[in-house]
Structures are given as C-alpha cells and as structure tokens.
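Contents: one structure, followed by commentary.
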Amino acid sequence: MKQEDRRRQTTARILETTLTLIKQKGCEAVTLKDIVAHSGLSKGAIFHYVKSKEEIFAWILREQIEQTNTRFLNEVHEGGSSFAGPMERITEALQAMDDPRNLSSQVLMYLLGKEKDPKVTEVLNQFYDTLLNMAKSWIEIGQQHGVIQPSVDADTTAEMFVLLGFGMRMRASFSAQATHFNADRLARFIAQTLQS
C-alpha cells in the first residue's frame, strides 16, 4: 500500500472513531487515550499525525468544510448556470448548522471554549478564514455564471453570511426553543441578497 493511501486510511479511521466517541461521550469527555483504544491504531500511529485531540477536532471542521465545498462545486458543474442547485447545497449546510446534534457545530463550540490556547486560536482562525474564502469564492462563481448580481460585494457579503452561520451554530448549541429565523429563512435571505 502506498504511503498516501495509508495516511488517508489512518486519518479516516481517526476521524471516524473520534466522531463516534463525540456522539457517545461529548467533546469534553473524549480523550486521546479513548481514540487510541477505540480506533485499533497504535498510539504511535496516531501521534505520527496529531499531538492533541484539538488537532483531530480541527480535522473534523476541515473535513466538514471540504465536503460542503465539494457538494457545492459538483452542483455547479452539473447544473451549469443554475442558481437553485448550488443554493440547495448551501441550504443543506445551513440546516446542519441549525441542528444541535450536528457534530461539527459541537466541535466548534468546544474549541471556542479553548480559545486561550494559542494552538486552538490558530485552528479557529484558519477555520474562519477558510469559511470566509469559500463563501467569497461561491459568490464569485455565481457572478461568473451570471446568477449573482455583479454589484454584490463578495468580501462583505461573504463575511456577513459566515457571521450569520456562526450565530446559528451558537444558538443551536444552547437553545431548544422554536426560532423565527431558522435555516430556511436564512437561505431565503441569502438568495434574496445575492439575486437582488
């Protein structure tokens, strides 16, 4: 087996194990020792890739971003100059953010509680920058395809959407009340903003 394939398999197993443990125990209770014990990997194999559970949690956030971006880009390639298909992928991502059981949101909330750790702050900054760049690129792709108005300021609009998404994740983590501004309404707001 090639080294790259082995790396992919190992990181996939670490991520899968960590997500299962988060579902069972919550972010706070999961330890690297748990991950080693449940993954079937040696301690050395895991420590070859990461030094802390926070690093694994950062992988979870990156993986979620990459999956969302891939679904969006696939929809763009399949749908050509359609606004509806890519917007459906964005709506799905927003609905996940609005779900208190969403594991990447739980991971984000956990990491936000550890922001005094410089390594965690770096991870959070990278996550925010990646989201911002992704949102901006989506807007620019829409503008290139003629489905988003050229007058939309990609930088400012992307930042507004990312901040709204963060707020939605935060609210989902502590409030079980029915909300007036839910994922569907946010998706409609985004669509109106981009197409007006």
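Using full-length UniProt numbering, the letters of the sequence shown correspond one by one to residues 1 to 196. By construction, the Cβ of each residue, glycine as well, lies at the ideal position given by its N, Cα and C atoms. On a predicted model such as this, the values are computed, not experimentally measured, just so you know.
Consult DSSP for residue i and reduce its assignment to one of helix, strand or coil.
i	result
Ile148	coil
Gly113	coil
Leu186	helix
Gln177	coil
Would the beta-carbon of residue i fall within 8 Å of that of residue j?
i	j	result
Ala178	Asp99	no
Val123	Glu16	no
Thr11	Ile65	no
Met87	Ala191	yes
Phe72	Val147	no
Arg13	Leu41	yes
Tyr110	Phe57	yes
Arg169	Leu108	yes
Nearest by alpha-carbon distance to residue i: which of the options is it?
i	options	result
Thr20	Trp59, Ile35, Leu111 and Gln9	Ile35
Gln9	Val152, Gln143, Ser39 and Gly85	Ser39
Ala183	Ile90, Leu103 and Glu159	Ile90
Ile60	Asn74, Phe127 and Met134	Phe127
Ala187	Pro118, Ala93, Ser137 and Glu159	Ala93
Arg62	Lys23, Lys51, Asn125 and Gly113	Asn125
Is residue i buried or exposed, if buried means 16 or more other CB atoms sit within 10 Å of its CB?
i	result
Thr156	exposed
Leu163	exposed
Lys2	exposed
Do we get a CB-CB distance below 8 Å when we pair residue i with the residues of chain D?
i	result
Ile65	The chain labelled as chain D is not found in the depicted structure, where only one protein chain is given.
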